[in-house]
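Okay, so here's the structure we're looking at.
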Amino acid sequence: MGGTPRRDVRVLYVDGEESGGAAATSLGRVDGLALTVATSPAVAVDRLTAEARRVDCVVGGYGLSAADALELSRRVRRVSADLPVVLCIDDESGGFASDAIAAGATDCVRWREGVDRFSLLADRIADAVTRARTKRTRREREFERQGDLFEQTQRIARTGGWELDVVADELRWTDETYRIYDLPLDYEPTVADALEFVHPEDTPALESAIERAIEYGESYDIEVRLRTAEDDLRWVRARGEARREAGETVALRGTFQDVTERKVREQDLRSTSNVLSTLVENIPAGILVEDDARRIRFTNREFAELFDVESSPDELVGRDCAAAAREVSDRFVESERFLDTTDEAVATQATIRREEFALVDGRTFERSGTPVEFDDDRTGYLWVYQDITERKRAENRFRALFEHLPDPGVIVELVGDDAVTRAVNGAFEDVFGYPAEEAVDVSLNDLIVPEEFGSESADIDRRAREGEQLVREIRRRTADGEVRDFLFRNVLIEEVDSEPRAHGIYTDITERKRRERRLNALHEASRELMAADTRREMARIASRATCEVLGLPLNGVHLYDDDADGLVPLAASTGTREVVGDPPTLREGESIAWGVFESGEPSVYGDVRTEPTVHDPETPIRSELHLPLGDHGILLIGSTTVDDFEEADVSLAKVLAANLQAALDRLGRERALRERERELQRQNERLDGFADVVTHDLRNPLNVAMAGLELLTETGEVEHAETVARAHERMQRIIDDVLALARQGDAIQETLPAALDAVARRAWANVETGGATLRVETDRTVDADPDRLERLFENLFRNAVEHGSTSPLSQVREDSVEHSSTSNRASPDDAVEHGSTSPRSQAREDSVEHSSTGSRPPADESAAHSSTGGGADRDGSTEDSRDGILVRVGWCEDSPGFYVEDTGPGIPEGEREHVFESGYTTASEGTGFGLAIVAEIVAAHGWGIEVTEGTDGGARFEIGIGAGRE
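If you're matching positions, the sequence shown starts at 10 in the working numbering and goes up one per residue.
Structure (structure tokens):
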């Protein structure tokens, strides 16, 4: 257990709300750990923030899910870098442990059968806490030891030192640093306070250097101005370097060197000497000026420090430069090159720029040299040395980072108006397809910028040259000519020979942009779907969008059709027709698509040939995507490649299918609404007709009845009572027909097979036919409401008889009675359903009564609407039609449907379009509703009706039904 008593360990135990309390109690009983319980990672971190110094270990309990346990570890690490985190797991998966360590967990405890899980957990907690405490103690001792040594060193160098403990956020100064700041030794410094003394113009540079040192471990060496506590302005050379552990900065250490005197001296020298003016134009580092005799004319302290020369700069003046070069040459790895290049540059008065030399002690020097003229017209040579060891290390780190970037990276030199490539990384070669030897030292714009984006690229170069950092989406061309989308970011690195260099990173976002463009196009297709007003148009829009938006060229839309009793192809892509021809209608049991349509669940088939219910086992289509469209149909998408659909394709296709289904639902609702509006309009028209009946047709017989009643009251004569009775019978017929008209217009809910000959004969038996004869010339069966179909025949028969019979009234009455006695009349209840008000005997009496002199038409009108003919026997077959009209029922030859025609006078062509109007009649005793009821019955079945001239010149009514059966 590492020697840590458990009672000294303070544990923050995080578990679920239900299991946390019990588990914590069990753990607390194990050797007395001090426990605090939290029910979620968020609550734990809030408590940890408030009580960080009173928690030694955070434990994710067995009741936490894997996701919550990982989230707990990540949250704790944001608060504390070294606080132990122990996670408990019950499963045997190995993936969780690696994920937990990556999330910052210190340890993972997997429970095994036969082991007391809480004793095991307590041991592991104690071990983790012991290791953390040991590490923290060792680090504090190291800080103290190095701090003492650092303090002594700084006192000797008369340079102020400082040290920042990043973990504890504690800053320590040496005495010399207090002196530089003009602060008392009991002042407790902080980083923020120290920066307050820095000149506002220099603060950003120092802050940035400190931040980069903490973040990346980069050392820095810069000069800044300080406004001290005594309000003195001082120049300070600020240096800093990081100490890192496990890739993280744990401390910063640096120096403050007061260089005010040197800065003042440099300013004085720049104002009085061309030599120092030239020096100012070069790097202010180790400086050596030699005259034409190769004697040292000037040097500075930095030069002496670089080469570890004990003599002061003044003491070095006048010494032999060539001899001095030989004395220090053994410090260079390439000593001969150092001497040769030095002698050659002086002899030829050549200028040297940024020449690098490696030293045997591991340092790296950078040297520049240039000829210089003195006031006495003599010439000499100026050398500038700089220790670039840390910069080289940073460059090497940067180069390694640059090379291993996952995104394409490029370093360019902004030359004039162009960007010349100086380096590319491996990712650039892979993504853009250019090997480094082809991509370096060429114009980057010519290499990867499409012509249409030339002005955009020029704007990026201009803004980068001005030091602006850019983040923008761009399009660039690869070696194979493909134009891809990238997120571009640039960073200005440095200036080389007065030319700025910039680092560009290209993150490939082609797939993301492609998805965005597809989603936008899909949205536009959805707008088109919602604007379409037919199913076929919607199907075509969806098929086109599947091709153009989703990039899936083999597709089709099949929608259910009642007549075909299957999924009918309303749209198919060109690619589909080229591969499989015209798509078939898909029916139950004939294809796998039908099963998807019935289940309503989308399905992806990697190879449809392996499916037992595939429509065509030899189909060239291999993989298919089936997307149901509710009860409307199905969207089929195919490919000639096995397992060809990616998850993104399926997701977008589902969106399109959902939008298509919504559009079809909307169309269905609109159609239902329009049908309802039409139905309401028809009902309103019927109501208007009913109002006309009430206000006009019923008024005449009512007036007759009232007049007859008055005469009966006054005279007592029986004939007046007969007049009143006939008027009431007339009103009863009108009311019956109005009720029938209202009922027959209702939609048909269920149809049954009905034999035309049987229904026609039943209807004939229900009508007073006088001397008319019925001939049925078909044995066809139709799907219909049998009761309404019978009513249709009754009204057509009654219309033929009323407008065409010429038999004497007595004969009409006798024939009707005889025919009714042998006919299969409807029951009283059926009579009521169809608008009749009397049983068979009453019908016979009504017929006789209707033929009386009080209600028959004038003799000349009756003659105009009658023809001679014989009667019909009991089964309705024709024996002799000389005493009355002949009525025929048969099947239409030209189109599916049946007809009813008579041999009467017919209907004039000018009146045919009016005969189906409510209240329209040419018979004096007619209500005008008979043919209107016929029209309502036809419309309720979804049929059509047309009036033409009969075979023998009479009236012919053709009812088109669309389909019939033998």
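Every residue gets a Cβ at the ideal spot worked out from N, C-alpha and C, and that includes glycine.
Own chain, CB closer than 6 Å to residue i, minus 5 neighbours either side, in chain order
i: E955; result: E967
i: D427; result: S452
i: T398; result: R372 and T373
Counted within 10 angstroms of its Cβ, other Cβ atoms place residue i as buried (16 or more) or exposed
i: M715; result: exposed
i: V118; result: buried
i: A332; result: exposed
i: E627; result: exposed
i: T264; result: buried
i: N499; result: buried
i: Q670; result: buried
i: V88; result: exposed
i: R243; result: buried
i: Q276; result: exposed
i: N405; result: exposed
i: N712; result: exposed
i: A666; result: buried
i: R822; result: In this predicted model, R822 has a pLDDT of only 31, less than 50, meaning its place in the structure is not dependable enough to derive any value.
i: Q692; result: exposed
i: Y196; result: exposed
Per-residue DSSP class, three states only, for residue i
i: F907; result: strand
i: W900; result: strand
i: R372; result: coil
i: D439; result: helix
i: V808; result: The residue you asked about is not Val; residue 808 is Asn in the sequence shown. Residue state, collapsed to three classes: helix.
i: D450; result: coil
i: R303; result: coil
i: S74; result: coil
i: G476; result: coil
i: Q741; result: helix
i: I134; result: helix
i: D961; result: coil
i: T722; result: helix
i: T183; result: coil
i: P50; result: helix
i: N434; result: coil
i: D352; result: helix
i: L3; result: Here the chain has residues from 10 to 975 only, and residue 3 is not among them.
i: T532; result: The sequence given here has His at residue 532, not Thr. Helix at H532.
Neighbourhood of residue i by C-beta distance below 7 Å, restricted to the same chain and skipping five residues each side
i: D961; result: T912
i: Q851; result: Confidence in Q851 is poor, its pLDDT being 35 and thus under 50, which makes the residue's placement too unreliable to answer from.
i: Y394; result: A294, G295, F312, L315, F374 and R376
i: A32; result: D24, G70, Y71 and G72
i: D329; result: R303 and R304
i: G899; result: E786, T787, F907 and Y908
i: L638; result: L644, A666, L669, Q670 and L673
8 Å Cβ cutoff met for residue i and residue j
i: I457; j: R485; result: yes
i: R400; j: S377; result: no
i: L501; j: A488; result: no
i: A409; j: I420; result: no
i: P593; j: T585; result: no
i: G389; j: E299; result: yes
i: V52; j: Y22; result: no
i: I646; j: L561; result: yes
i: G893; j: G779; result: yes
Neighbourhood of residue i by C-beta distance below 8 Å, restricted to the same chain and skipping five residues each side
i: P629; result: V588, V589 and T649
i: F347; result: A334, S338, F341 and F366
i: R38; result: F127
Bridge partners - residue i, DSSP secondary structure assignment
i: H635; result: S612 and L645
i: W392; result: L297 and G378
i: A793; result: L761
i: D267; result: V245
i: D427; result: V424
i: D329; result: R304
i: L79; result: None, per the DSSP bridge assignment.
i: T516; result: L496
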